[in-house]
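Now the structure itself:
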């Protein structure tokens, strides 16, 4: 009996010892682990949303455009005098704090390097990539024109604007394709030389694009008039008892929010592009600083970028 009692007590003693020696989870380690897991999951979600955005033609162009314009803007921002002075001040302060000798300021450079700054080179690469992808843009524009011809807007003003928009963008894309191919030595160089040169072709291409932007203002103005007329008609029907207030409020609010938001987004887009197109359409330009063109171009698509990114979120 004593042996059995001894044997029955030993496992309990061993179990207690093993429990005492078992590693304990430190709350701080668990918190760090949770942060790491959360960061990985967040990164995974972001990458998957980016993949969904890149999987569409419009989404791919949005990503490339943002890389193009932000790298261009960032170069000029970092090279600006205030930031350059701030970087120098911080560097000298750190050297003094570390007890190191402060180097004398180098003399102004007399020979400017011909190498393209990295950020501008990257911006150029993104721009060329977009040019290359647009070489087949005439196909989608033809489809756009075909759809417009088969199902034109009912309003005569909007119908005329739609036809002119298709024509202007076809001219723009054709001229851009020819000049881009010629600039890469592929073809069309002799034709361009006989008809004014590369500069003339580029300017007329942008003028066709500018015509589209101006037509967009006409379209926006006409849409605003038609929308106000429709709202007044809805209010008249409610006043006459032809439509209940509850139904009218629900329908009008949903339609108004969607249409007004779309209208404002297109207005912002064209307000940003208009001065740039006008500047690029003239041989001497309008005086828009090259350092601001990237930022203005980014502003033109910022709203569209936000909407496109929001659309990638899973329901």
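Numbering (the working numbering), first residue to last: -16 to 298. Quick reminder that beta carbons are idealized off the backbone N, C-alpha and C, glycines included.
Open item on the list: Quick check on residue 133: buried or exposed, where buried means 16 or more other Cβ atoms within 10 Å of its Cβ?
Closed with: Working through the chain shown from its first residue, we reach residue 133 at position 150. Residue 133 should be labelled exposed.
Task: contact_flag[the region 137 to 147, the region 203 to 219] where n(CB pairs < 8 angstroms) is 3 or more - done: yes
Task: DSSP three-state assignment for residue 248, whether helix, strand or coil - done: One-based indexing of the chain shown puts residue 248 at position 265. Residue 248 falls in the helix class under three-state DSSP.
Task: Supposed close pair residue 196, residue 257 - CB separation, criterion 8 angstroms - done: For the purposes of this step, residue 196 is taken as residue 213 along the chain shown, with counting starting at 1. For the purposes of this step, residue 257 is taken as residue 274 along the chain shown, with counting starting at 1. That belief holds up - the Cβ atoms of residue 196 and residue 257 are roughly 5 angstroms apart, short of 8 angstroms.
Open item on the list: Can you give me the C-alpha to C-alpha distance between residue 14 and residue 24, rounded to a whole angstrom?
Closed with: Here residue 14 is taken as the residue at index 31 of the chain shown, counted from 1. Here residue 24 is taken as the residue at index 41 of the chain shown, counted from 1. Approximately 15 angstroms between the Cα atoms of the pair.
Task: Segments assigned beta strand (DSSP E), at least 3 residues, entirely inside the region 85 to 151 - done: none
TODO: Name the residue from 175, 126, 173 whose alpha carbon lies nearest to the alpha carbon of residue 152.
DONE: Mapped onto the chain shown, residue 152 falls at position 169. For the residues 175, 126, 173, the minimum Cα distance to residue 152 belongs to 126.
TODO: Determine the DSSP secondary structure at residue 279, reduced to helix, strand or coil.
DONE: For the purposes of this step, residue 279 is taken as the residue at position 296 of the chain shown. Helix, per DSSP.
TODO: Answer with buried or exposed for residue 189, where buried requires no fewer than 16 other C-beta atoms within 10 angstroms of its C-beta.
DONE: Residue 189 sits at position 206 when you count from the first residue of the chain shown. Under this definition residue 189 is a buried residue.
TODO: Would you identify the three-state DSSP class for residue 186, choosing helix, strand or coil?
DONE: Here residue 186 is taken as the residue at index 203 of the chain shown, counted from 1. In the structure shown, residue 186 sits in a helix (DSSP, three-state: H, G or I).
Task: N-terminal and C-terminal residue of the alpha helix (DSSP H) that residue 54 is part of - done: Position 71 of the chain shown, counted from the start, is the residue given in the question as residue 54. First-last of the alpha helix (DSSP H) with residue 54: 40 to 62.
Open item on the list: So, at 6 angstroms on beta carbons, what are the nonlocal neighbours of residue 142 in its own chain, with the 5 sequence-adjacent residues on each side left out?
Closed with: Counting from 1 along the chain shown, the entry for residue 142 is found at position 159. Only 135, 136 meet the Cβ criterion.
TODO: For the region 29 to 41 and the region 272 to 284, state whether three or more C-beta atom pairs, one from each stretch, are separated by less than 8 angstroms.
DONE: no
Task: Where residue 26 falls, given that 16 or more other Cβ within 10 Å makes a residue buried - done: Within the chain shown, residue 26 is the residue found at index 43, counting from 1. The residue in question, residue 26, is exposed, as its Cβ has fewer than 16 Cβ neighbours within 10 Å.
Task: First and last residue of the uninterrupted alpha helix (DSSP H) at residue 10 - done: Position 27 of the chain shown, counted from the first residue, corresponds to residue 10. 10 to 37 is the extent of the alpha helix (DSSP H) around residue 10.
TODO: Compare the Cα-Cα distances from residue 253 to each of 192, 121, 216, 33 and report the closest residue.
DONE: Position 270 of the chain shown holds residue 253. Taking only the C-alpha atoms, the option nearest residue 253 is 192.
- [ ] Could you tell me if residue 289 is buried or exposed, where buried requires 16 or more neighbouring beta carbons within 10 angstroms of its beta carbon?
- [x] Taking the first residue of the chain shown as position 1, residue 289 is located at position 306. Per the 10 Å Cβ criterion, exposed.
- [ ] Evaluate the contact criterion for the region 39 to 59 versus the region 111 to 120: three or more CB pairs, one atom per stretch, below 8 angstroms.
- [x] yes
TODO: Take the Cβ of residue 218 as the centre, count every other Cβ of all protein chains shown within 10 Å, and call the residue buried at 16 or more, exposed below.
DONE: To locate residue 218, count along the chain shown from 1; it is residue 235. Residue 218 comes out exposed.
Open item on the list: Cutting at 8 angstroms between CB atoms, please list the residues of its own chain near residue 53, excluding the five before and the five after it.
Closed with: As a working note, residue 53 is residue 70 in the chain shown. Excluding residues within five positions, the ones whose Cβ falls inside 8 angstroms are 277, 281.
TODO: Report buried or exposed for residue 212, applying the criterion of at least 16 other Cβ atoms within 10 angstroms of its Cβ.
DONE: Within the chain shown, numbered from 1, the residue matching residue 212 stands at position 229. With fewer than 16 Cβ atoms within 10 Å of its Cβ, residue 212 is classed as exposed.
- [ ] Could you tell me whether the Cβ atoms of residue 264 and residue 186 are closer together than 9 angstroms?
- [x] In the chain shown, the residue the question calls residue 264 occupies position 281. In the chain shown, the residue the question calls residue 186 occupies position 203. Yes, the Cβ-Cβ distance between residue 264 and residue 186 is below 9 angstroms.
Task: Pair within 9 angstroms by beta-carbon distance, residue 61 and residue 102 - done: For the purposes of this step, residue 61 is taken as residue 78 along the chain shown, with counting starting at 1. For the purposes of this step, residue 102 is taken as residue 119 along the chain shown, with counting starting at 1. In contact: residue 61 and residue 102 (Cβ atoms closer than 9 angstroms).
- [ ] Classify residue 240 as buried or exposed, calling it buried when 16 or more other Cβ atoms lie within 10 Å of its own Cβ.
- [x] Along the chain shown, read from residue 1 onward, the residue named residue 240 stands at position 257. Per the 10 Å Cβ criterion, exposed.
Task: Given residue 200 as reference, the closest of 237, 247, 223, 167 once Cα atoms are compared - done: Here residue 200 corresponds to residue number 217 of the chain shown, with the count starting at 1. Answer by Cα proximity: 247.
Open item on the list: Here's a check: name, in chain order, each residue in its chain whose Cβ is nearer than 8 angstroms to the Cβ of residue 223, leaving out the five neighbours to either side.
Closed with: Residue numbering aside, residue 223 sits at position 240 when the chain shown is read from its first letter. Excluding positions up to five away in sequence, the list is empty.
Open item on the list: By the DSSP assignment, the alpha helix (DSSP H) with residue 175 in it spans what residues?
Closed with: Translated into positions along the chain shown, residue 175 becomes position 192. Unbroken alpha helix (DSSP H) run through residue 175: 172 to 177.
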